[in-house]
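Residue numbers (my numbering): 173 to 1011.
Quick reminder that beta carbons are idealized off the backbone N, C-alpha and C, glycines included.
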């Protein structure tokens, strides 16, 4: 379907106001929250919603060449051009003459009411076509449309209707008949208890529209739904003439080329419509109101709203001591916020809040342009412009493979050859084909008019079936391009310049494989619906996606024009097409479920607890640093001595004692309960195995802190020593506790910024060695300490921590035979090995 010309359309609305249109119906509505409700209105009021939506679309576009007229039939009066000249065609009124619609057009349509008589739709059709033809007598290229809204209950004179169809086809008139409660197979809908008159008329309308070149018949419910649906209307852009130059046409005209070309828009940026601000205006009469005025007069007074105007006022700070910049210059303040939106004609303004600010007039100011942190004054209002010349100058060519598509800055435009010059078309086509063959693009400088600022961009060769052209894409200047470099994600270099192969920041092969599976599972190319052959289609289609902000604002504005009362007729929810891509496809989510769980396990994903900042005495809160969340598990835990200081003189308050007990309970849960940290919290409290609800932790002990236990461990990374001692006290999980604490120490020591927890890890090692001596876990300790030494002294390792271990000495070194024998154990390590190991 070829794109219509922007605007240049006259639409005639034929509205049936016969007595049957006054019948009351119940309409089901749905507000923005999805709640259903019903409201009673007449058939005419319901059908006029479609008419007002179509007219509001014209007002929304704001084209002077998009015009409409309204003719009503079935009215008690008669006033149309055919009746005035020749008589006949009764009960047809030209209600609104053809013109550009505005707010008053919608107000007049709202005033329509059903009459007590009936009118012939064919008479209205003939009057509408004739009125349109006379208005467009000298505008043969304009598009002609006729939209009839009726309930089909009025009698129709069907003689010579073929002549009317022939006349409309000769004038290229498109007809749309919107019927109230007409049968529709797409909805589907069939009206029950339909009268014989309506059934006969509906069959005639089907015959009439099918006999025309451009005729459509539909039901009102479907028409309203389609009108509110988001839509992108392709239109033709106006051709703007310019010149394309290669080389210097002034000094070296023999080596230069100059072509006459036309530019048109390929894409155009769309934005949501803005809202105008209005405020309540009180007249002088209201201010001087008499005291003994009647209450009835008070009720008759209506609130008058006026559009608010923006006004800028300038102030200078006369007290430099309170507000200066780095150079000691006085700042100038421009007020243009909503507080300065004053009514038109109002002479009052709010005084500046700062008494040191003094108002200055705009004429006393000098315009300045920001340059870095300072302003460069420009007394003339602008700096001298370059002596530019209108046209597009090609500065050079570069390989297309070097093109960076992310640098596109704005709208794309077509560059066509002069349509009326075959020579220019051949020349441009030769340039385009040569660029395509060499696989190059052109750097171009575009000046829209003489003396205007130039724009830099690129010209891309484009070959269509019947025409060759260039695409213009604006690009930034070199000074405007910012290079934001960051370290490689898969290559780390230490301070010595050596590449690291193992590091906590480098992904492992297992992690890479898990992420590959997740990415493959989320493939959307086969996540859509099936086609006729049973093949899966892509889930996302660019042509079926819309900007929710633009169309939702548009829907709200249109609803305000259609609904008389927002309470009884609330704003409906967004159209389903706007919400189509809000949720991921179920097929992809189901397919990726296993991959997501594998990623959680491989990357050790845990729910990040919400941190509550403690209030300071002065009322301020500590601002979180960027690394606060990253280093959450690397911080030192509060020692037991610190926690014991919560009780003074051996007495603890009941609240604090209960809080400490709850903290202990919450940190000694079994493995199954700790896995709940990976899932979303449920509203019901968790229970122990015996069905007793777990106690609720008190706020004083920060119940939201994650113990940092990996799956399968009973010792966490956050409070390892505390978890270890609690499990040792149980007596039946000693081996597991020793194994887990050994793994935690090795992990923490090998992490970045491990020096922050060095003292804590040394304390953990001291307690662990003592426990291994007493609980006959000597071999486990010796294996752990040897493994830890190897990791610390390897690259990248942590040689600083091992130096601290050596400073402690044999107290946290290998356990030899003699020491083991004193505690009733056995060891294969000799005393010489003990000394050599720690030295």
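With a floor of 3 residues, list each beta strand (DSSP E) that falls wholly inside the region 427-458, ordered by position along the chain.
-> 429-437, 450-453
When the Cα of residue 361 is compared with those of 388, 393, 376, which residue comes out closest?
-> 393
Got a sec? Which residues, its chain only, sit under 6 Å from residue 479 by beta carbon, not counting five neighbours each side?
-> 448, 450
Take every Cβ of the region 578-590, pair it with every Cβ of the region 531-547, and state whether three or more of those distances are shorter than 8 Å.
-> no
Does the beta-carbon distance from residue 284 to residue 399 come in below 8 Å?
-> no
Using three-state DSSP, classify residue 214 as helix, strand or coil.
-> strand
Secondary structure, alpha helix (DSSP H): runs of 4+ residues fully inside the region 699-785 = 720-734, 758-763, 765-775
Apart from the five residues on each side of it in sequence, which residues of its chain come closer than 6 Å, Cβ to Cβ, to residue 174?
-> Caution applies to residue 174, whose pLDDT of 45 falls short of 50 and renders its modelled position unreliable; the model cannot decide the point.
Identify whether residue 1013 lies in helix, strand or coil by the three-state DSSP scheme.
-> Here the chain covers residues 173 to 1011 and nothing more, so residue 1013 does not appear.
According to DSSP, what are the bridge partners of residue 888?
-> DSSP lists no partner for residue 888.
Would you mind listing the alpha helix (DSSP H) stretches within the region 890-962 that are 4+ residues and don't spill past its ends, in chain order?
-> 892-902, 906-921, 930-946
Which runs of the beta strand (DSSP E) spanning at least 3 residues fall entirely within the region 310-361, listed in chain order?
-> 315-322, 345-351
Taking only runs that begin and end inside the region 235-316, name each unbroken alpha helix (DSSP H) of 4 or more residues, in chain order.
-> 253-258, 275-282, 293-307
DSSP state of residue 617 mapped onto helix, strand, coil | strand
Mapping DSSP to helix, strand and coil, what is residue 597?
-> helix
Taking residue 223 as the reference, give the member of 545, 349, 555, 421 with the closest Cα.
-> 349
Across which residues does DSSP place residue 629 in a beta bridge pair?
-> 616, 646
Rounded C-alpha distance that separates residue 494 from residue 647 | Residue placement at residue 494 is flagged as unreliable, the pLDDT there being 48, under the threshold of 50; the coordinate-derived value follows with that caveat. Straight-line Cα distance between these residues: approximately 43 Å.
Using a threshold of 8 Å, state whether the C-beta atoms of residue 950 and residue 997 are closer than that.
-> yes
Inspect the beta-carbon positions of residue 913 and residue 936 and report whether they are closer than 8 Å.
-> yes
Expressed to the nearest angstrom, what Euclidean distance is found between the alpha-carbon atoms of residue 941 and residue 953?
-> 6 Å
Distance between beta carbons of residue 402 and residue 755, contact taken as under 8 Å = In fact, because the Cβ distance is near 17 Å, the residues do not count as touching under 8 Å.
Determine the burial state of residue 477: buried for a count of at least 16 other Cβ atoms within 10 Å of its Cβ, exposed for fewer.
-> exposed
Inter-residue Cα distance where the pair is residue 612 and residue 571 | 4 Å
For residue 970, the three-state DSSP class (helix, strand or coil) = coil
Rounded to whole angstroms, what's the CA-CA distance from residue 919 to residue 676? Just pull it up for me.
-> 10 Å
Based on Cα-Cα distance, which residue from 379, 734, 672, 560 lies nearest to residue 663?
-> 672
So, do the region 295-302 and the region 255-272 have three or more beta carbon pairs nearer to each other than 8 Å?
-> yes
In this structure, does DSSP put residue 198 in helix, strand or coil?
-> strand
Where does residue 487 sit, in a helix, a strand or coil, going by DSSP?
-> strand
CA-CA distance, residue 279 and residue 438?
-> 37 Å
Going by other Cβ atoms of all chains shown within 10 Å of its Cβ, with 16 needed for buried, is residue 304 buried or exposed?
-> buried
Which of the three DSSP states, helix, strand or coil, is assigned to residue 978?
-> helix
When 943, 776, 894 are compared against residue 884, the one with the closest alpha-carbon | 776
Taking just the CA atoms, how far does residue 601 sit from residue 591?
-> 12 Å
Three-way DSSP call (helix, strand, coil) for residue 184 in this model = strand
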